[in-house]
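Heads up, the thing below is written out as structure tokens.
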Amino acid sequence: MERTGSGINWKNLALLTLGVAGTLFWIAQAPASDDAVFPMPSGRLYAAECGGCHTAYAPGFLPARSWRRMMNELADHFGEDVSLPEPERLAILKDLELLAADNPQASQRMRRIAASIPANAAPQRISETAFFRFMHDEVPNHFWRRKKIGSKANCGACHIRADQGRYGEREVRIPPAD
Ligand code: HEC
Ligand code: HEC
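Following this line, the structure appears as structure tokens:
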């Protein structure tokens with residue numbers, strides 16, 4: 000990855016905000032990359048039920064309405080039936096809402112993610128949000144197809160502590176070509 004001499008990526012200074020009208024804003028003063036830590040649900044339920052097939056995604060990457068929609072459609076989750084008993088489903092939904100990008104206690108970074116998602120949209124893929132694309136536009140397309148990566152959704156392939164909600168620059172290791 001291209002870095003400036005000081006190791007500060009210019010992207011850490013700003014996040015792309017994509018307005019409903021397609022207006023682009025640059026917002027300065029994002030925290031340093033080491034603050035790219037997102038809160039994760041406590042306890043083992045979330046990791047056990049939502050971290051077995053892929054990275055246990057930090058709830059702070061999507062607004063609560065996205066998670067509500069997802070948790071209402073578990074019988075057809077990207078082609079998989081991942082239905083849960085109602086108590087587990089409700090417990091996970093509660094955690095997701097509590098830590099979602101638009102929760103009242105969200106960090107600045109999470110609030111910017113929330114602001115970049117149009118109010119009438121409830122995206123189901125983190126990897127297709129404007130925020131994600133902006134943060135990864137320096138990653139060459141063929142990287143995503145490397146065997147040990149395979150998909151943009153495979154956060155943990157490169158963000159080695161993604162399951163703990165840690166996405167800081169210093170904890171990125173891109174697997175080498177096959
Ligand atoms: C049986 C396996 C399985 C389980 C269990 C599962 N998922 Fe998924 N999930 C998938 C598949 C397959 C995809 C699509 C991945 C891809 O395109 O690479 C996916 C994608 C996602 C995405 C979008 C990733 C992106 O592209 O940004 C989110 C968010 C997600 N899952 C959340 C959850 C949550 C929350 C739970 C727990 C309720 C859960 N998943 C449980 C299989 C699973
Ligand atoms: C091909 C490896 C790769 C995959 C897979 C990947 N990323 Fe990244 N990600 C990177 C790189 C490289 C950067 C830029 C690091 C830098 O220089 O700051 C980055 C940056 C980020 C940042 C910004 C961190 C900061 O310092 O502000 C976030 C947040 C992030 N990624 C989240 C995700 C999420 C969520 C997923 C999965 C849905 C994901 N990434 C998948 C390689 C990857």
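Numbering (numbering that gives the first Met the number 0), first residue to last: 0 to 177.
Glycine included, every Cβ here is placed at the ideal spot set by N, Cα and C.
* When ASP34, TRP143, SER115 and SER106 are compared against PHE133, the one with the closest alpha-carbon -> One-based indexing of the sequence shown puts residue 133 at position 134. The residue with the shortest Cα to Cα distance from PHE133 is SER115.
* To do: Count the CB pairs spanning the segment 139–147 and the segment 74–89 that are closer than 8 Å, and state whether there are at least three.
  => no
* To do: Would you give the residue range spanned by the alpha helix (DSSP H) that ALA90 belongs to?
  => Along the sequence shown, read from residue 1 onward, the residue named residue 90 stands at position 91. It spans 85–98 - the alpha helix (DSSP H) in which ALA90 sits, taken as one unbroken run.
* Indicate whether PRO59 and MET109 have their beta-carbon atoms separated by less than 8 Å. => For the purposes of this step, residue 59 is taken as the residue at position 60 of the sequence shown. For the purposes of this step, residue 109 is taken as the residue at position 110 of the sequence shown. Just to set this straight, residue 59 is Gly in the shown sequence, not Pro. Taking 8 Å as the Cβ cut-off, GLY59 and MET109 qualify as a contacting pair.
* Asked: Does ARG108 get closer than 8 Å to chain C when you measure Cβ to Cβ?
  -> Of the chains in the structure shown, none is chain C; there is only one protein chain.
* To do: Look up GLU137 in the DSSP assignment and say whether it is helix, strand or coil.
  => Residue numbering aside, residue 137 sits at position 138 when the sequence shown is read from its first letter. Residue state for GLU137 is assigned as coil, using DSSP reduced to three classes.
* Asked: For PHE24, does the three-state DSSP call read helix, strand or coil?
  -> Taking the sequence shown and counting its residues from 1, the one referred to as residue 24 is at position 25. For PHE24, the pLDDT reaches just 35, beneath the cut-off of 50, and the residue's location in the model is therefore unreliable, although a value from the coordinates is still provided. Strand, per DSSP.
* **Distance CB(ASP94)-CB(ALA113) smaller than 8 Å** => The residue given as residue 94 occupies position 95 in the sequence shown. The residue given as residue 113 occupies position 114 in the sequence shown. Contact: no.
* Identify which residue in ARG111, ASN140 and VAL36 has its Cα closest to the Cα of TYR179. => With the chain running from 0 to 177 in the structure shown, residue 179 is simply not present.
* To do: Look at ALA74 and SER65 and say whether their C-beta atoms are less than 8 Å apart.
  => Taking the sequence shown and counting its residues from 1, one reaches residue 74 at position 75. Taking the sequence shown and counting its residues from 1, one reaches residue 65 at position 66. Cβ distance not < 8 Å, so ALA74 and SER65 don't count as in contact.
* Cβ separation of ALA121 and ARG68, assumed to be a contact under 8 Å, to the nearest whole Å -> As a first step, residue 121 is located in the sequence shown; it is residue number 122 there, counting from the start. As a first step, residue 68 is located in the sequence shown; it is residue number 69 there, counting from the start. Indeed they touch by this definition, with Cβ atoms about 5 Å apart.
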